[in-house]
Amino acid sequence: MISMNKLKRLLGIVWILLAIACAYFGITDFGWPKVAHPKGNDDLVFGIIILFVLMPIIVGGLLKFGIYAIQGLYDEE
Amino acid sequence: MASESKGLWKIIGASSLGTLIEWYDFYIFGSLATVISTKFFPSDNPTAAFLATLATFAAGFVVRPFGALFFGRLGDLIGRKYTFMVTLLLMGGATFLIGCVPSYESIGFMAPVLVLLLRLLQGLALGGEYGGAATYVAEHAPANKRGYWTSWIQTTATVGLFVSLLVIMLTRMALSKEDFNEWGWRVPFWVSIIMVAVSYFIRKKMGESPLFAKVKAEGHLSKNPLKESFGNKANFKYVLLALFGATMGQGVVWYTGQFYAMSFIEKICMVDKMQSDVLIAIALLMGTPFFLVFGALSDKIGRKKIMLAGMLLAVFCYRPIYEKMYQTVSIKNKVEIVSKQNTKLSFVINPKTNLRDSVYTTNYYYQDGAEKTDVKTIFLMYKGKGIVTSKEEIKASIIVNNSDKWTLIWMVFIQVLFVTMVYGPIAAFLVELFPTNIRYTSMSLPYHIGNGVFGGLLPAVAVYLATKANDANSLAESAGQQLPYDKPYLEGLWYPIIVSGVCFIIGMVYINSKHKHIDD
Chain A
109 MISMNKLKRL LGIVWILLAI ACAYFGITDF GWPKVAHPKG NDDLVFGIII
159 LFVLMPIIVG GLLKFGIYAI QGLYDEE
Chain B
10 MASESKGLWK IIGASSLGTL IEWYDFYIFG SLATVISTKF FPSDNPTAAF
60 LATLATFAAG FVVRPFGALF FGRLGDLIGR KYTFMVTLLL MGGATFLIGC
110 VPSYESIGFM APVLVLLLRL LQGLALGGEY GGAATYVAEH APANKRGYWT
160 SWIQTTATVG LFVSLLVIML TRMALSKEDF NEWGWRVPFW VSIIMVAVSY
210 FIRKKMGESP LFAKVKAEGH LSKNPLKESF GNKANFKYVL LALFGATMGQ
260 GVVWYTGQFY AMSFIEKICM VDKMQSDVLI AIALLMGTPF FLVFGALSDK
310 IGRKKIMLAG MLLAVFCYRP IYEKMYQTVS IKNKVEIVSK QNTKLSFVIN
360 PKTNLRDSVY TTNYYYQDGA EKTDVKTIFL MYKGKGIVTS KEEIKASIIV
410 NNSDKWTLIW MVFIQVLFVT MVYGPIAAFL VELFPTNIRY TSMSLPYHIG
460 NGVFGGLLPA VAVYLATKAN DANSLAESAG QQLPYDKPYL EGLWYPIIVS
510 GVCFIIGMVY INSKHKHIDD
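Top line first, the protein sequences correspond to chains A and B. Position one of the first sequence corresponds to residue 109 (the working numbering), numbered consecutively onward. Position one of the second sequence corresponds to residue 10 (the working numbering), numbered consecutively onward.
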């Protein structure tokens, strides 16, 4: 049976992939269209916040979290 | 023992009152947004409208995490007590001054600029307040009651919303509509300074947190809390865990239960504004004591189990709950008494055009006692030398019967229960993750990113998803194809469902539920 520590490390790969998927959809589907073709002020500000606030936090944070998990930083002794 | 308990109540009272006032200050801006926009941000001026958008978004999403960093650092360097007194004064001062800023008509562009700056100060102060209050209470509380004592702080966000609505309602009742719109809207802002003064003097008498005082006396204060919190892998991994395994899910569950439910009932179900306010207020009132229940329960069975159970329930229950709310109100499920239907025509003078617009008010009555009102306004405008019909606007509102009203109340109450499960124990959970010398900084940031960014963006993301589904359905309909979305009104829920689901898995796998000591 797979141990908890192994599961934590394996899931690290999932978080990295999730970060990449978020970056792709967040920028191409969500953020950039709103900045490039805004339908008003709300849309533009919303797009800027998605691109420059939400995306860095989700993508950067999840990437780092995944790397830490793979490195075994969350392992229980 | 009795005096120790009395002392703790004083600490809880002083901390909670200040935090409640900060939430009050933060909410009155939102609750009075319509009046404020007419006074400071005229919609026919694009720059002012842009500033209004910035004031709405930036204070909640961008500035709050900065406030967490700035005041968190200060709290770990000079102490919890002084820092959360500064945030209180900053918030109270900014709120009072918003109530004093002359209107756009009087001072032009300076008015929206000043309001925007003061609103940003409010966001900054809010970012610093919560971590200070939670840390201060947790560092006083006995280990076996930390969840219960800190859950009092957790009630303040909901109670603050109540108090803001209450003060605004009382002001409206005391003044005529004209007086309220002219100057009365400023009163709730001015009231803040009295509440802040009372809270300031109560807090001033309190001592410093014993754990912080001990660390300070031993010379173990952090020299650079920001670097030690976020530059040190051993601590930063817990910051990430707090964000992705707890506050991210908590933030979206909180916003769904308290704000998205309100917006769904008003805008999607089209329930009459007054009735929806009342039913939300009842559900919130019924749910608020459960913050304390789950806070206390977390002392017995652990924080992790309760928070994650709240997220999991949210994941599986949101769609059935919202479907039930939608179907409860939907007139498709009601039988109309056609003989009672009536339409009245009235006229109003449009202040912008000075022309007489026609208003058709049609009332529909249903067998179950529900009523629907459609107000169709036909606007007129000049074109060249003639007058033309410019556009039609139809506003519908539904008043449901008592039984349906209670169905809606229970549906919102269930969501508030999820909120209390994830939010009640979270202060104790965050406090227990980090060491005393960098606790304020380390816990404030994930909390405000989780709530301010992930939670705060929920309405905008949910509306985006629902609009996308509606647009796709309209396209398919016009092309004579099968509709891609069966229930487009539920599409917005995917955001809280996915975020809570991911947060649940991370929390389940990575959070250690062993009991924590916070006295290092």
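Every residue, glycine too, gets a C-beta built ideally from N, C-alpha and C. Values in this document were obtained by computation on a predicted structure and should not be read as measured data.
Rounded separation between residue i and residue j - CA only
i: Tyr91(B); j: Gly155(A); result: 38 Å
i: Gly266(B); j: Gly296(B); result: 11 Å
i: Lys223(B); j: His229(B); result: 9 Å
i: Ser40(B); j: Leu174(B); result: 7 Å
i: Leu354(B); j: Thr382(B); result: 13 Å
i: Phe101(B); j: Ile110(A); result: The question names Phe, yet the displayed sequence has Gly at residue 101(B). Taking the straight line joining both Cα atoms gives about 55 Å.
i: Glu191(B); j: Ser46(B); result: 13 Å
i: Ala243(B); j: Leu235(B); result: 14 Å
i: Ala305(B); j: Ala127(A); result: 36 Å
i: Met420(B); j: Tyr331(B); result: 8 Å
i: Val397(B); j: Met390(B); result: 6 Å
i: Lys361(B); j: Thr371(B); result: 25 Å
i: Ile30(B); j: Gly378(B); result: 41 Å
i: Val122(A); j: Trp415(B); result: 43 Å
i: Leu499(B); j: Gly258(B); result: 19 Å
i: Ala270(B); j: Gly510(B); result: 19 Å
i: Phe189(B); j: Val176(B); result: 13 Å
i: Gly461(B); j: Ala481(B); result: 30 Å
i: Tyr198(B); j: Cys512(B); result: The sequence shown places Phe at residue 198(B), not Tyr. Near 37 Å, if we compare the C-alpha coordinates of Cys512(B) and Phe198(B).
i: Ala82(B); j: Lys114(A); result: Checking the sequence shown, residue 82(B) turns out to be Arg, not Ala. Distance between the alpha carbons of Arg82(B) and Lys114(A): 36 Å.
i: Asn479(B); j: Ala131(A); result: 25 Å
i: Ile178(A); j: Leu171(A); result: 11 Å
i: Leu532(B); j: Val110(B); result: Chain B is shown only over 10 to 529; residue 532(B) falls outside these bounds and no answer can be derived.
i: Lys116(A); j: Asn521(B); result: 12 Å
i: Phe299(B); j: Leu426(B); result: 7 Å
i: Ile515(B); j: Thr56(B); result: 43 Å
Endpoints, the beta strand (DSSP E) within which residue i is located
i: Leu129(B); result: No beta strand (DSSP E) holds Leu129(B); the alpha helix (DSSP H) holding it covers 119–149.
i: Thr370(B); result: 365–374
i: Asn530(B); result: Only positions 10 to 529 of chain B appear in the structure, and residue 530(B) is not among them; the question remains open.
i: Asp151(A); result: Careful: Asp151(A) lies outside any beta strand (DSSP E), inside the alpha helix (DSSP H) at 149–157.
i: Glu380(B); result: 380–392
Closer than 7 Å: residue i CB and nearest the ligand SAM heavy atom
i: Tyr327(B); result: In terms of ligand content, the structure shown is empty, and the ligand SAM therefore cannot be addressed.
Assumed close pair residue i, residue j - CB separation to whole angstroms, cut-off 8 Å
i: Leu417(B); j: Ile274(B); result: 6 Å
i: Cys278(B); j: Val207(B); result: So it is not a contact: roughly 40 Å between Cβ atoms.
i: Thr256(B); j: Tyr456(B); result: 5 Å
i: Asn446(B); j: Asp34(B); result: Actually they do not touch by this definition, with Cβ atoms about 30 Å apart.
i: Pro121(B); j: Phe50(B); result: 5 Å
i: Pro505(B); j: Ala323(B); result: 7 Å
i: Leu252(B); j: Ile527(B); result: That pair is no contact at about 20 Å.
i: Leu249(B); j: Met517(B); result: No, Leu249(B) and Met517(B) are not in contact; Cβ-Cβ is about 16 Å, not under 8 Å.
i: Thr429(B); j: Phe303(B); result: 5 Å
Opening and closing residue of the alpha helix (DSSP H) in which residue i lies
i: Tyr519(B); result: 503–519
i: Leu130(A); result: Here residue 130(A) is Cys; the residue named in the question, Leu, does not match the sequence. Its alpha helix (DSSP H) spans residues 112–133.
i: Met420(B); result: 411–432
i: Asn6(B); result: One cannot answer for residue 6(B) here, as it falls past the ends of chain B, which runs 10 to 529.
i: Gln163(B); result: 155–183
i: Tyr113(B); result: 113–116
i: Met452(B); result: 448–457
i: Thr362(B); result: Unbroken run through Thr362(B): none, as it is neither H nor E.
i: Ala436(B); result: 435–442
i: Leu171(A); result: 169–178
i: Pro141(A); result: 140–144
i: Ile346(B); result: It is not in any alpha helix (DSSP H) - Ile346(B) carries neither H nor E in the DSSP assignment.
i: Phe49(B); result: 42–49
### Task
For the stretch 297–328 of chain B, list the alpha helix (DSSP H) runs that are entirely contained and at least 4 residues long, ordered along the chain.
298–310
#### Entry: the stretch 442–458 of chain B / the stretch 334–353 of chain B touching (three or more Cβ pairs under 8 Å)
no
### Message
Runs of 4 residues minimum, wholly inside the stretch 69–102 of chain B: which ones carry the alpha helix (DSSP H) assignment?
### Response
73–87
### Task
Quick one: which unbroken beta strand (DSSP E) runs of 3-plus residues sit fully inside the stretch 185–258 of chain B? Chain order, please.
none
### Message
Quick check: the stretch 146–163 of chain B against the stretch 427–435 of chain B, are at least 3 beta-carbon pairs closer than 8 Å?
### Response
yes
### Query
Does the count of Cβ pairs from the stretch 122–137 of chain B and the stretch 77–84 of chain B closer than 8 Å reach three?
yes
### Message
Under 8 Å, with one C-beta from each stretch per pair, do the stretch 152–168 of chain A and the stretch 19–26 of chain B reach the 3-pair mark?
### Response
no
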